[in-house]
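S.K.:
Numbering (the numbering used here), first residue to last: 2 to 135.
1) In three-state DSSP terms, what is residue 57?
2) Provide the residue(s) that pair with residue 105 in DSSP beta bridges, ordered along the chain.
3) Just checking my contact of residue 105 with residue 8 at CB under 8 Å: how many whole Å lie between their CB atoms?
4) Does the contact criterion of 3 or more C-beta pairs under 8 Å hold for the segment 11-18 versus the segment 36-55?
5) Rank 27, 2, 30, 134 by C-alpha distance to the C-alpha of residue 86 and give the top, closest one.
6) Taking the C-alpha atoms as reference points, what is the distance between residue 82 and residue 96?
7) Can you give the Cα-Cα distance for residue 127 and residue 91, rounded to whole angstroms?
8) Apart from the five residues just before and just after residue 123, which ones in its own chain have a Cβ nearer than 8 Å to its Cβ?
9) Given a cut-off of 9 Å, decide if residue 25 and residue 75 are closer than it, judged by their beta-carbon atoms.
10) Report buried or exposed for residue 72, applying the criterion of at least 16 other Cβ atoms within 10 angstroms of its Cβ.
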């Protein structure tokens with residue numbers, strides 16, 4: 002998953018001084034986050050919380066890293082989706098990681114054009130790493 006984050010950062014020319022938190026949780030925990038922060042009362046596969054949106058206070062004498070945000074992945078849902086889509090858990094976790102990272106970078110999938118742009122980026126990044134749907 003670190004290679005996926007690095008590849009995404011490299012493609013988007015992001016500084017090496019960036020911090021991203023990647024957390025694997027269960028369905029109950031991600032359900033609670035999804036309900037509390039998005040108003041959707043069900044579990045989901047991945048959530049992203051960007052910290053680089055001007056909402057965080059400035060930290061003086063702190064680290065020089067740019068705090069990009071958090072990616073939260075439901076491990077049980079990742080296993081379920083890997084089985085459903087008939088590919089490896091490694092591929093599913095890589096996909097969810099790049100999907101979450103792209104959200105942190107401002108991508109969304111609210112309309113067809115945005116969805117296609119995001120999907121193209123996801124597939125390009127995974128392809129660069131030799132991670133296929135098979």
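Every residue gets a Cβ at the ideal spot worked out from N, C-alpha and C, and that includes glycine.
M.R.: By the coordinates alone:
1) Against the chain shown, residue 57 aligns to sequence position 56. Only weak support exists for where residue 57 lies, its pLDDT of 45 falling under 50; the coordinates are left without a value.
2) Taking the first residue of the chain shown as position 1, residue 105 is located at position 104. None, per the DSSP bridge assignment.
3) Against the chain shown, residue 105 aligns to sequence position 104. Against the chain shown, residue 8 aligns to sequence position 7. Actually they are not in contact, since the Cβ atoms of residue 105 and residue 8 sit about 14 Å apart, beyond 8 Å.
4) no
5) On the chain shown, position 85 is the one that residue 86 refers to. The residue with the shortest Cα to Cα distance from residue 86 is 134.
6) As a position in the chain shown, residue 82 is number 81, starting the count at 1. As a position in the chain shown, residue 96 is number 95, starting the count at 1. Distance from the CA atom of residue 82 to the CA atom of residue 96, rounded to whole angstroms, is 11 Å.
7) In the chain shown, residue 127 corresponds to position 126, counting from 1. In the chain shown, residue 91 corresponds to position 90, counting from 1. Spanning the two alpha carbons is a distance of roughly 11 Å.
8) Translated into the one-based positions of the chain shown, residue 123 becomes position 122. Answer for residue 123: 96, 99, 100, 103, listed in chain order.
9) Position 74 of the chain shown, counted from the first residue, corresponds to residue 75. Position 24 of the chain shown, counted from the first residue, corresponds to residue 25. Cβ distance < 9 Å, so residue 75 and residue 25 count as in contact.
10) Here residue 72 refers to the residue found at position 71 of the chain shown. It is buried - the Cβ of residue 72 has at least 16 other Cβ atoms within 10 Å.
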